[in-house]
Amino acid sequence: MRDIRPIILCGGTGSRLWPMSRTKSPKQFQTVAGPGSLTFFQATVQRHRTKGFGKPVVVTALQHVRTVQQQLTELQCDATIICEPMARNTGPAVLAAARVLAKEDPKSLMLILPADHIISGNLNTPILAMRQAASDGRIVTFGITPTYPETGYGYITDGGKFTNYNGLHNVAEFVEKPPLSRATSLVATGMAYWASGISLYSAQTIMDEFARLDTVSSEAVAQAVDQGEWADNCLTLHPDSFRKSTNEPTERIIFERAKSVALAPLDVEWSDVGCWTSMQAIGTADDNGNVLTGDVISVDTRNTLVRGDKRLVAVVGVSDVIVVDTPDAVLVTARGKCQDVKKVVETLKGESRREAVRHSAQDHQWGQSQHVMTSQDHDMTMLSINPGSSITVDPLPGRQIIAGRGGLSVFDGISNRTLEQGERTMLDIIDRTKLTNTSSDKIDVLMVTLHSSISTPEKVDAVLNA
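Those letters in the sequence shown? Residues 3 to 468, by the numbering used here.
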(Lines of atoms letter the chains of each structure in order from A and count residues from 1; the text may use other names and numbers.)
(Lines give C-alpha, C1' and ligand atoms only; values in the text may rest on other atoms or scores of the structure.)
Protein backbone atom coordinates (compact mmCIF):
# COMPACT_ATOMS: atom_id res chain seq x y z
CA MET A 1 0.00 0.00 0.00
CA ARG A 2 1.30 3.46 -0.94
CA ASP A 3 2.48 5.94 1.68
CA ILE A 4 0.23 8.95 2.16
CA ARG A 5 1.66 12.35 1.23
CA PRO A 6 0.59 15.06 3.71
CA ILE A 7 -0.52 18.23 1.87
CA ILE A 8 -0.31 21.09 4.36
CA LEU A 9 -2.29 24.21 3.46
CA CYS A 10 -0.81 27.38 4.98
CA GLY A 11 -3.33 29.97 3.89
CA GLY A 12 -5.48 32.30 5.98
CA THR A 13 -4.65 35.26 8.18
CA GLY A 14 -6.33 34.31 11.48
CA SER A 15 -7.66 37.82 12.12
CA ARG A 16 -9.64 36.68 15.18
CA LEU A 17 -6.34 35.76 16.86
CA TRP A 18 -4.91 39.27 16.61
CA PRO A 19 -2.53 40.56 17.99
CA MET A 20 -0.65 37.23 17.87
CA SER A 21 -1.67 36.69 14.24
CA ARG A 22 -0.88 39.36 11.64
CA THR A 23 -1.20 39.45 7.86
CA LYS A 24 2.52 38.91 7.32
CA SER A 25 2.94 36.49 10.24
CA PRO A 26 -0.40 34.64 10.50
CA LYS A 27 -1.63 32.17 13.10
CA GLN A 28 -0.18 29.03 11.56
CA PHE A 29 3.39 30.29 12.03
CA GLN A 30 2.91 31.32 15.68
CA THR A 31 3.73 29.10 18.64
CA VAL A 32 0.91 27.03 20.11
CA ALA A 33 1.88 27.43 23.77
CA GLY A 34 4.14 30.48 23.82
CA PRO A 35 7.94 30.83 23.41
CA GLY A 36 9.82 27.57 22.99
CA SER A 37 6.85 25.51 21.76
CA LEU A 38 6.15 24.31 18.23
CA THR A 39 4.17 26.51 15.89
CA PHE A 40 0.77 25.36 14.61
CA PHE A 41 2.40 24.57 11.26
CA GLN A 42 5.25 22.62 12.83
CA ALA A 43 2.84 20.63 14.99
CA THR A 44 0.90 19.67 11.85
CA VAL A 45 4.09 18.53 10.12
CA GLN A 46 5.25 16.49 13.13
CA ARG A 47 1.88 14.79 13.56
CA HIS A 48 2.37 12.75 10.38
CA ARG A 49 6.11 12.02 10.48
CA THR A 50 5.58 8.32 11.08
CA LYS A 51 5.26 5.02 9.24
CA GLY A 52 2.75 5.12 6.40
CA PHE A 53 3.33 8.78 5.55
CA GLY A 54 5.73 10.22 2.98
CA LYS A 55 7.43 13.51 2.27
CA PRO A 56 5.05 16.43 2.91
CA VAL A 57 3.98 19.06 0.41
CA VAL A 58 3.42 22.58 1.77
CA VAL A 59 1.25 25.06 -0.13
CA THR A 60 1.81 28.61 1.05
CA ALA A 61 1.75 32.23 -0.05
CA LEU A 62 4.83 33.56 -1.79
CA GLN A 63 5.41 36.05 1.03
CA HIS A 64 5.63 33.21 3.60
CA VAL A 65 8.02 30.86 1.81
CA ARG A 66 11.06 31.88 3.88
CA THR A 67 9.12 31.34 7.11
CA VAL A 68 8.07 27.88 5.92
CA GLN A 69 11.63 27.00 4.97
CA GLN A 70 12.98 28.21 8.30
CA GLN A 71 10.41 26.30 10.36
CA LEU A 72 10.97 23.13 8.31
CA THR A 73 14.72 23.48 8.88
CA GLU A 74 14.11 23.70 12.63
CA LEU A 75 12.32 20.34 12.36
CA GLN A 76 15.01 18.92 10.04
CA CYS A 77 12.18 18.00 7.68
CA ASP A 78 12.48 17.84 3.89
CA ALA A 79 9.40 18.97 1.99
CA THR A 80 8.20 20.12 -1.40
CA ILE A 81 6.94 23.71 -1.26
CA ILE A 82 4.38 25.22 -3.64
CA CYS A 83 4.13 29.02 -3.60
CA GLU A 84 0.87 30.72 -4.53
CA PRO A 85 1.42 34.13 -6.18
CA MET A 86 -2.03 35.16 -4.94
CA ALA A 87 -4.69 33.60 -2.70
CA ARG A 88 -7.28 31.53 -4.58
CA ASN A 89 -8.78 29.53 -1.67
CA THR A 90 -8.22 25.81 -1.05
CA GLY A 91 -9.57 24.44 -4.36
CA PRO A 92 -6.75 25.64 -6.62
CA ALA A 93 -4.18 25.01 -3.85
CA VAL A 94 -5.19 21.35 -3.57
CA LEU A 95 -5.30 20.92 -7.33
CA ALA A 96 -1.80 22.40 -7.70
CA ALA A 97 -0.47 19.87 -5.17
CA ALA A 98 -2.21 17.05 -7.08
CA ARG A 99 -0.65 18.18 -10.34
CA VAL A 100 2.82 18.20 -8.78
CA LEU A 101 2.39 14.75 -7.23
CA ALA A 102 0.89 13.31 -10.42
CA LYS A 103 4.13 14.01 -12.26
CA GLU A 104 5.74 11.47 -9.91
CA ASP A 105 2.78 9.08 -9.57
CA PRO A 106 -0.85 9.83 -10.53
CA LYS A 107 -2.00 7.31 -7.94
CA SER A 108 -0.28 9.20 -5.10
CA LEU A 109 -2.49 9.46 -2.02
CA MET A 110 -3.00 13.00 -0.73
CA LEU A 111 -3.96 13.88 2.85
CA ILE A 112 -5.22 17.47 2.93
CA LEU A 113 -4.39 19.17 6.23
CA PRO A 114 -5.09 22.71 7.46
CA ALA A 115 -1.89 24.04 9.03
CA ASP A 116 -3.53 25.78 11.99
CA HIS A 117 -5.61 23.15 13.82
CA ILE A 118 -4.92 21.48 17.14
CA ILE A 119 -5.55 17.72 17.36
CA SER A 120 -4.91 15.24 20.14
CA GLY A 121 -5.62 11.51 20.09
CA ASN A 122 -5.06 8.70 17.60
CA LEU A 123 -5.46 10.46 14.26
CA ASN A 124 -3.15 8.46 12.01
CA THR A 125 -4.63 4.99 12.52
CA PRO A 126 -8.12 5.81 11.14
CA ILE A 127 -6.53 7.82 8.30
CA LEU A 128 -4.27 4.92 7.28
CA ALA A 129 -7.30 2.62 7.41
CA MET A 130 -8.86 4.64 4.56
CA ARG A 131 -5.99 4.11 2.09
CA GLN A 132 -7.77 1.38 0.15
CA ALA A 133 -10.95 3.42 -0.26
CA ALA A 134 -8.93 6.40 -1.48
CA SER A 135 -6.93 4.20 -3.85
CA ASP A 136 -10.23 2.90 -5.26
CA GLY A 137 -11.30 6.44 -6.21
CA ARG A 138 -13.16 7.55 -3.09
CA ILE A 139 -12.87 11.10 -1.72
CA VAL A 140 -12.73 10.51 2.02
CA THR A 141 -13.66 13.41 4.29
CA PHE A 142 -13.02 13.11 8.01
CA GLY A 143 -15.67 14.26 10.50
CA ILE A 144 -15.47 15.12 14.18
CA THR A 145 -18.22 14.17 16.62
CA PRO A 146 -19.66 17.55 17.72
CA THR A 147 -19.66 18.38 21.43
CA TYR A 148 -21.93 21.42 21.13
CA PRO A 149 -23.98 23.18 18.39
CA GLU A 150 -21.23 25.35 16.87
CA THR A 151 -22.54 27.75 14.20
CA GLY A 152 -19.11 28.61 12.81
CA TYR A 153 -18.37 25.08 11.49
CA GLY A 154 -19.65 23.14 8.53
CA TYR A 155 -21.41 19.79 9.16
CA ILE A 156 -21.46 16.45 7.32
CA THR A 157 -24.45 14.16 7.90
CA ASP A 158 -24.18 10.38 7.91
CA GLY A 159 -25.86 8.55 5.04
CA GLY A 160 -25.19 5.02 6.26
CA LYS A 161 -22.24 2.63 6.36
CA PHE A 162 -20.45 1.10 3.40
CA THR A 163 -20.42 -2.68 3.41
CA ASN A 164 -17.05 -3.03 1.67
CA TYR A 165 -15.02 -0.45 3.64
CA ASN A 166 -14.88 -0.76 7.41
CA GLY A 167 -15.45 2.60 9.10
CA LEU A 168 -16.53 4.42 5.94
CA HIS A 169 -19.97 6.03 5.59
CA ASN A 170 -21.99 7.57 2.78
CA VAL A 171 -22.57 11.32 2.91
CA ALA A 172 -26.21 12.37 3.15
CA GLU A 173 -25.69 16.13 3.16
CA PHE A 174 -23.20 18.95 3.63
CA VAL A 175 -24.47 21.81 5.82
CA GLU A 176 -22.42 25.00 5.77
CA LYS A 177 -22.32 27.05 9.01
CA PRO A 178 -25.97 26.60 10.06
CA PRO A 179 -27.91 28.93 12.38
CA LEU A 180 -28.10 27.87 16.02
CA SER A 181 -31.48 26.16 15.71
CA ARG A 182 -30.29 23.99 12.81
CA ALA A 183 -26.94 23.26 14.48
CA THR A 184 -28.77 22.18 17.65
CA SER A 185 -31.02 19.79 15.73
CA LEU A 186 -28.05 18.36 13.81
CA VAL A 187 -26.14 17.60 17.00
CA ALA A 188 -29.25 16.06 18.57
CA THR A 189 -29.56 13.49 15.75
CA GLY A 190 -26.19 11.93 16.59
CA MET A 191 -25.71 11.51 12.83
CA ALA A 192 -23.90 14.77 12.07
CA TYR A 193 -20.21 15.58 12.27
CA TRP A 194 -18.14 18.72 12.20
CA ALA A 195 -16.26 19.07 8.92
CA SER A 196 -12.62 18.92 10.01
CA GLY A 197 -11.08 20.17 6.77
CA ILE A 198 -9.06 16.93 6.57
CA SER A 199 -9.59 14.71 3.52
CA LEU A 200 -7.87 11.85 1.67
CA TYR A 201 -7.88 10.88 -2.03
CA SER A 202 -5.57 10.13 -4.91
CA ALA A 203 -4.08 12.83 -7.11
CA GLN A 204 -5.77 11.30 -10.16
CA THR A 205 -9.19 11.27 -8.47
CA ILE A 206 -9.17 14.97 -7.60
CA MET A 207 -7.77 15.94 -11.00
CA ASP A 208 -10.51 13.99 -12.74
CA GLU A 209 -13.20 15.64 -10.60
CA PHE A 210 -11.87 19.12 -11.34
CA ALA A 211 -11.74 18.30 -15.06
CA ARG A 212 -15.40 17.25 -14.84
CA LEU A 213 -16.79 19.94 -12.51
CA ASP A 214 -14.50 22.98 -12.94
CA THR A 215 -12.75 22.96 -16.29
CA VAL A 216 -11.59 26.57 -15.85
CA SER A 217 -9.59 25.74 -12.73
CA SER A 218 -8.42 22.44 -14.19
CA GLU A 219 -6.83 24.16 -17.16
CA ALA A 220 -5.60 27.22 -15.26
CA VAL A 221 -3.84 25.24 -12.53
CA ALA A 222 -2.32 22.80 -15.03
CA GLN A 223 -0.76 25.77 -16.83
CA ALA A 224 0.29 27.37 -13.54
CA VAL A 225 2.20 24.22 -12.57
CA ASP A 226 3.68 23.52 -16.02
CA GLN A 227 4.82 27.13 -16.49
CA GLY A 228 5.90 27.65 -12.88
CA GLU A 229 9.49 28.09 -11.77
CA TRP A 230 11.36 25.56 -9.62
CA ALA A 231 14.17 26.59 -7.28
CA ASP A 232 15.52 24.64 -4.29
CA ASN A 233 12.63 22.16 -4.20
CA CYS A 234 10.16 25.06 -4.28
CA LEU A 235 7.69 25.68 -7.12
CA THR A 236 6.36 29.19 -7.68
CA LEU A 237 3.14 28.89 -9.68
CA HIS A 238 2.79 30.92 -12.87
CA PRO A 239 0.87 34.04 -11.74
CA ASP A 240 -1.14 34.84 -14.89
CA SER A 241 -2.36 31.24 -15.17
CA PHE A 242 -3.10 30.69 -11.48
CA ARG A 243 -5.11 33.92 -11.30
CA LYS A 244 -7.69 32.41 -13.69
CA SER A 245 -8.61 29.57 -11.31
CA THR A 246 -11.84 29.60 -9.29
CA ASN A 247 -11.51 31.34 -5.93
CA GLU A 248 -13.50 28.76 -3.96
CA PRO A 249 -12.83 25.97 -1.41
CA THR A 250 -12.51 22.35 -2.55
CA GLU A 251 -15.65 21.47 -0.57
CA ARG A 252 -17.82 23.79 -2.64
CA ILE A 253 -16.23 23.04 -6.02
CA ILE A 254 -15.97 19.26 -5.68
CA PHE A 255 -17.20 17.62 -2.46
CA GLU A 256 -20.76 18.94 -2.55
CA ARG A 257 -21.18 17.77 -6.16
CA ALA A 258 -19.15 14.56 -6.45
CA LYS A 259 -20.77 11.12 -5.99
CA SER A 260 -17.47 9.61 -4.84
CA VAL A 261 -17.41 11.55 -1.55
CA ALA A 262 -17.56 9.51 1.67
CA LEU A 263 -17.35 10.18 5.42
CA ALA A 264 -14.94 8.69 7.96
CA PRO A 265 -15.62 9.70 11.60
CA LEU A 266 -12.62 10.50 13.81
CA ASP A 267 -12.46 9.90 17.57
CA VAL A 268 -10.05 12.70 18.48
CA GLU A 269 -10.03 16.03 20.28
CA TRP A 270 -10.03 18.71 17.60
CA SER A 271 -10.13 22.48 17.41
CA ASP A 272 -9.64 24.84 14.51
CA VAL A 273 -8.49 27.43 17.10
CA GLY A 274 -10.50 30.12 15.37
CA CYS A 275 -10.52 32.57 18.28
CA TRP A 276 -9.01 33.22 21.72
CA THR A 277 -11.77 31.30 23.47
CA SER A 278 -10.61 28.24 21.52
CA MET A 279 -7.02 28.92 22.57
CA GLN A 280 -8.12 28.92 26.19
CA ALA A 281 -10.01 25.65 25.69
CA ILE A 282 -6.90 23.81 24.46
CA GLY A 283 -4.64 25.19 27.19
CA THR A 284 -3.80 23.69 30.58
CA ALA A 285 -5.84 25.47 33.24
CA ASP A 286 -4.92 26.02 36.87
CA ASP A 287 -7.28 25.36 39.80
CA ASN A 288 -9.15 28.59 39.07
CA GLY A 289 -9.67 27.81 35.38
CA ASN A 290 -6.97 30.25 34.26
CA VAL A 291 -4.68 29.49 31.32
CA LEU A 292 -1.52 31.53 31.87
CA THR A 293 1.43 31.72 29.46
CA GLY A 294 4.55 33.81 30.02
CA ASP A 295 5.49 35.93 33.04
CA VAL A 296 2.02 36.29 34.59
CA ILE A 297 0.81 37.00 38.13
CA SER A 298 -2.88 36.38 38.79
CA VAL A 299 -4.69 37.42 41.97
CA ASP A 300 -8.33 36.54 42.64
CA THR A 301 -8.78 35.78 38.94
CA ARG A 302 -10.90 33.03 37.36
CA ASN A 303 -11.59 31.51 33.94
CA THR A 304 -9.17 33.90 32.28
CA LEU A 305 -6.60 33.51 29.51
CA VAL A 306 -3.42 35.58 29.78
CA ARG A 307 -0.74 35.22 27.13
CA GLY A 308 2.33 37.26 28.00
CA ASP A 309 5.34 37.97 25.85
CA LYS A 310 8.49 39.71 27.08
CA ARG A 311 7.20 41.59 30.12
CA LEU A 312 5.31 40.93 33.32
CA VAL A 313 1.51 40.88 33.07
CA ALA A 314 -0.55 41.10 36.28
CA VAL A 315 -4.30 40.51 36.48
CA VAL A 316 -6.29 41.18 39.64
CA GLY A 317 -9.94 40.46 40.45
CA VAL A 318 -11.18 39.63 36.96
CA SER A 319 -13.16 36.74 35.51
CA ASP A 320 -13.87 35.45 31.99
CA VAL A 321 -11.38 37.81 30.37
CA ILE A 322 -8.82 37.36 27.58
CA VAL A 323 -5.54 39.31 27.82
CA VAL A 324 -2.93 38.99 25.06
CA ASP A 325 0.27 40.99 25.33
CA THR A 326 2.70 41.55 22.44
CA PRO A 327 5.55 44.10 22.17
CA ASP A 328 3.45 46.55 20.13
CA ALA A 329 -0.18 45.78 21.03
CA VAL A 330 -2.32 44.51 23.90
CA LEU A 331 -5.73 42.91 23.53
CA VAL A 332 -8.27 42.82 26.39
CA THR A 333 -11.67 41.28 25.67
CA ALA A 334 -14.49 39.42 27.38
CA ARG A 335 -14.57 35.73 26.50
CA GLY A 336 -17.93 36.00 24.79
CA LYS A 337 -16.73 38.75 22.46
CA CYS A 338 -13.70 37.03 20.95
CA GLN A 339 -15.31 36.66 17.52
CA ASP A 340 -15.41 40.46 17.30
CA VAL A 341 -11.62 40.82 17.46
CA LYS A 342 -11.62 40.79 13.66
CA LYS A 343 -13.43 44.15 13.83
CA VAL A 344 -10.31 45.59 15.46
CA VAL A 345 -8.25 44.29 12.56
CA GLU A 346 -10.67 45.82 10.07
CA THR A 347 -10.31 49.18 11.84
CA LEU A 348 -6.51 48.94 11.81
CA LYS A 349 -6.49 48.12 8.11
CA GLY A 350 -8.88 50.99 7.41
CA GLU A 351 -6.42 53.34 9.13
CA SER A 352 -3.40 51.73 7.39
CA ARG A 353 -1.94 50.82 10.76
CA ARG A 354 1.19 48.70 10.79
CA GLU A 355 -0.14 46.61 13.69
CA ALA A 356 -2.64 44.93 11.34
CA VAL A 357 0.07 43.75 8.98
CA ARG A 358 3.15 42.74 10.92
CA HIS A 359 4.76 42.50 14.33
CA SER A 360 7.32 45.06 15.48
CA ALA A 361 9.98 42.32 15.31
CA GLN A 362 10.55 40.21 12.21
CA ASP A 363 12.95 37.37 11.49
CA HIS A 364 14.93 37.37 8.24
CA GLN A 365 17.57 35.15 6.68
CA TRP A 366 20.16 37.77 7.56
CA GLY A 367 18.96 38.35 11.14
CA GLN A 368 16.13 40.35 12.68
CA SER A 369 14.50 43.77 12.38
CA GLN A 370 12.82 45.41 15.37
CA HIS A 371 10.65 48.50 14.97
CA VAL A 372 11.62 50.77 17.88
CA MET A 373 9.41 53.82 17.58
CA THR A 374 7.61 56.22 15.28
CA SER A 375 7.20 59.93 16.00
CA GLN A 376 6.02 62.90 13.98
CA ASP A 377 9.60 63.44 12.82
CA HIS A 378 11.20 60.05 12.32
CA ASP A 379 10.97 56.26 12.30
CA MET A 380 13.56 54.12 14.14
CA THR A 381 14.33 50.47 13.45
CA MET A 382 16.99 48.22 14.97
CA LEU A 383 18.63 45.80 12.54
CA SER A 384 20.45 42.79 14.04
CA ILE A 385 22.69 41.36 11.32
CA ASN A 386 24.17 37.87 11.68
CA PRO A 387 27.94 37.31 11.20
CA GLY A 388 28.80 37.18 7.49
CA SER A 389 25.30 38.22 6.44
CA SER A 390 24.21 41.20 4.35
CA ILE A 391 21.12 43.35 3.95
CA THR A 392 20.33 45.72 1.10
CA VAL A 393 18.49 48.90 2.13
CA ASP A 394 16.31 50.91 -0.25
CA PRO A 395 17.23 54.57 -0.84
CA LEU A 396 15.19 57.33 0.78
CA PRO A 397 16.23 60.90 1.60
CA GLY A 398 17.19 61.48 5.21
CA ARG A 399 18.05 57.88 6.08
CA GLN A 400 21.04 57.26 8.32
CA ILE A 401 22.50 54.39 10.33
CA ILE A 402 24.51 54.10 13.56
CA ALA A 403 26.70 51.02 14.14
CA GLY A 404 26.34 49.28 17.48
CA ARG A 405 29.80 47.70 17.23
CA GLY A 406 32.71 47.58 14.80
CA GLY A 407 32.84 45.49 11.64
CA LEU A 408 29.92 46.91 9.64
CA SER A 409 30.74 47.25 5.95
CA VAL A 410 28.72 49.87 4.03
CA PHE A 411 28.73 49.69 0.21
CA ASP A 412 26.77 52.23 -1.86
CA GLY A 413 27.55 50.72 -5.28
CA ILE A 414 30.66 52.83 -5.80
CA SER A 415 32.74 52.87 -2.63
CA ASN A 416 33.00 50.78 0.51
CA ARG A 417 33.71 51.90 4.07
CA THR A 418 33.72 50.18 7.47
CA LEU A 419 31.97 51.71 10.47
CA GLU A 420 33.34 51.31 13.97
CA GLN A 421 31.25 51.23 17.14
CA GLY A 422 29.07 54.33 17.50
CA GLU A 423 29.92 55.74 14.07
CA ARG A 424 27.15 57.22 11.96
CA THR A 425 26.69 57.66 8.22
CA MET A 426 24.00 58.96 5.88
CA LEU A 427 22.85 56.44 3.26
CA ASP A 428 22.79 57.12 -0.46
CA ILE A 429 19.53 58.76 -1.58
CA ILE A 430 19.68 57.33 -5.13
CA ASP A 431 21.13 53.82 -5.02
CA ARG A 432 20.51 50.95 -2.63
CA THR A 433 23.07 50.46 0.13
CA LYS A 434 24.48 47.08 1.12
CA LEU A 435 25.25 46.52 4.80
CA THR A 436 27.49 43.53 5.64
CA ASN A 437 28.54 42.19 9.03
CA THR A 438 32.24 41.33 8.60
CA SER A 439 32.74 40.48 12.30
CA SER A 440 32.32 37.14 14.08
CA ASP A 441 29.49 38.42 16.28
CA LYS A 442 25.99 39.75 15.61
CA ILE A 443 25.92 43.51 14.92
CA ASP A 444 23.07 45.83 15.95
CA VAL A 445 22.50 48.74 13.58
CA LEU A 446 20.10 51.59 14.38
CA MET A 447 18.41 52.91 11.23
CA VAL A 448 16.65 56.28 11.39
CA THR A 449 14.40 57.56 8.60
CA LEU A 450 12.95 61.07 8.60
CA HIS A 451 9.17 61.19 8.15
CA SER A 452 9.45 63.89 5.52
CA SER A 453 10.90 61.19 3.27
CA ILE A 454 8.16 58.61 4.00
CA SER A 455 4.96 59.23 2.10
CA THR A 456 3.01 56.09 3.02
CA PRO A 457 3.00 53.33 5.67
CA GLU A 458 3.78 50.86 2.88
CA LYS A 459 7.18 52.54 2.41
CA VAL A 460 7.96 52.02 6.07
CA ASP A 461 7.12 48.32 5.69
CA ALA A 462 9.36 48.13 2.64
CA VAL A 463 12.23 49.49 4.73
CA LEU A 464 11.69 46.94 7.48
CA ASN A 465 11.45 44.05 5.01
CA ALA A 466 14.51 45.04 3.03
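Note that CB positions come from ideal geometry on N, CA and C, so glycine has one too.
May I have the straight-line CA-CA distance separating residue i from residue j, to the nearest angstrom?
i: Ile-6; j: Gly-145; result: 19 angstroms
i: Ser-23; j: Asn-166; result: 44 angstroms
i: Pro-128; j: Arg-313; result: 43 angstroms
i: Gly-409; j: Ser-377; result: 30 angstroms
i: Thr-349; j: Ala-89; result: 22 angstroms
i: Ile-256; j: Glu-231; result: 28 angstroms
i: Gln-78; j: Arg-184; result: 46 angstroms
i: Ile-404; j: Leu-437; result: 12 angstroms
i: Gln-225; j: Asn-235; result: 19 angstroms
i: Leu-429; j: Thr-383; result: 15 angstroms
i: Asn-168; j: Ala-205; result: 23 angstroms
i: Gly-123; j: Val-270; result: 5 angstroms
i: Val-67; j: Asn-172; result: 38 angstroms
i: Thr-248; j: Thr-217; result: 10 angstroms
i: Lys-163; j: Glu-357; result: 50 angstroms
i: Trp-272; j: Ile-120; result: 6 angstroms
i: Gly-276; j: Arg-419; result: 51 angstroms
i: Thr-147; j: Ser-187; result: 14 angstroms
i: Glu-76; j: Met-449; result: 30 angstroms
i: Asp-274; j: Asp-379; result: 43 angstroms
i: Ala-213; j: Asp-138; result: 18 angstroms
Determine, using beta carbons only, whether residue i and residue j come nearer to each other than 8 angstroms.
i: Gln-73; j: Gln-44; result: yes
i: Ile-432; j: Pro-397; result: yes
i: Thr-451; j: Arg-401; result: yes
i: Leu-170; j: Met-132; result: yes
i: Gln-317; j: Thr-303; result: The question names Gln, yet the displayed sequence has Val at residue 317. For Val-317 and Thr-303, yes; Cβs fall inside 8 angstroms.
i: Phe-176; j: Glu-253; result: yes
i: Leu-125; j: Pro-151; result: no
i: Pro-94; j: Pro-241; result: no
i: Ala-194; j: Tyr-155; result: no
i: Thr-335; j: Val-347; result: no
i: Met-281; j: Leu-265; result: no
i: His-453; j: Asp-365; result: no
i: Val-301; j: Gly-285; result: no
i: Val-326; j: Pro-21; result: yes
i: Arg-360; j: Val-395; result: no
i: Ser-469; j: Thr-207; result: The first residue shown for the chain is 3 and the last is 468, placing residue 469 beyond what the model contains.
i: Gln-32; j: Thr-41; result: yes
i: Gly-54; j: Leu-130; result: yes
Short of 6 angstroms in beta carbon distance, which residues of its chain neighbour residue i, apart from the five on each side in sequence? Order them along the chain.
i: Thr-469; result: What is shown of the chain runs 3 to 468, which leaves residue 469 out entirely.
i: Thr-15; result: Thr-25 and Pro-28
i: Gly-199; result: Pro-116
i: Ser-110; result: Arg-7, Leu-103 and Ala-205
i: Arg-4; result: Leu-111
i: Thr-440; result: Gly-409 and Ser-411
i: Met-375; result: Met-382
i: Pro-108; result: Ala-205 and Gln-206
i: Thr-328; result: Pro-21 and Asp-311
i: Trp-196; result: Ile-146, Pro-148 and Tyr-155
Check the C-beta distance from residue i over to residue j and give it rounded, since I have them as a contact under 8 angstroms.
i: Ile-114; j: Ile-9; result: 5 angstroms
i: Leu-202; j: Ala-98; result: Actually they do not touch by this definition, with Cβ atoms about 18 angstroms apart.
i: Leu-385; j: Ser-362; result: Rounded, the Cβ-Cβ distance is 13 angstroms, inconsistent with contact.
i: Asn-388; j: Gly-369; result: 5 angstroms
Check residue i in the structure and name its three-state DSSP category.
i: Thr-458; result: Low confidence applies here, because Thr-458 scores a pLDDT of 44, under 50, leaving its location unreliable; read the following figure in that light. Here Thr-458 sits in coil by DSSP.
i: Ile-256; result: helix
i: Glu-152; result: coil
i: Phe-176; result: strand
i: Ala-464; result: Because the pLDDT at Ala-464 is just 43, under 50, the model does not fix this residue reliably, and the value given afterwards should be weighed accordingly. Helix, per DSSP.
i: Cys-277; result: coil
i: Ser-219; result: helix
i: His-361; result: coil
i: Phe-55; result: strand
i: Pro-251; result: coil
i: Ser-442; result: coil
i: Val-347; result: helix
i: Thr-165; result: coil
i: His-380; result: strand
i: Asn-91; result: coil
i: Asn-418; result: strand
i: Asp-210; result: helix
i: Gly-352; result: helix
i: His-453; result: helix
i: His-66; result: helix
i: Arg-49; result: helix
i: Ile-6; result: strand
i: Thr-143; result: strand
Should residue i be counted as a contact of the ligand FAD given a C-beta to heavy atom distance under 7 angstroms?
i: Leu-130; result: Because no ligand of any kind appears in the structure shown, any question about the ligand FAD cannot be addressed here.
Might you give, ordered along the chain, the residues of its own chain that have their beta carbon closer than 7 angstroms to the beta carbon of residue i, omitting 5 neighbours on each side?
i: Ser-457; result: The predicted model places Ser-457 with a pLDDT of 43, which falls under 50 and marks its position as unreliable; any figure quoted below should be read in that light. Here the set comprises nothing.
i: Glu-211; result: Ile-256 and Ala-260
i: Gly-36; result: Thr-295, Gly-296 and Arg-309
i: Arg-18; result: Gly-276, Cys-277, Cys-340, Gln-341, Val-343 and Lys-344
Give me, in chain order, the residues of the same chain whose beta-carbon lies closer than 8 angstroms to that of residue i; leave out the 5 immediate sequence neighbours on both sides.
i: Val-298; result: Val-308, Gly-310, Leu-314, Val-315, Ala-316 and Val-317
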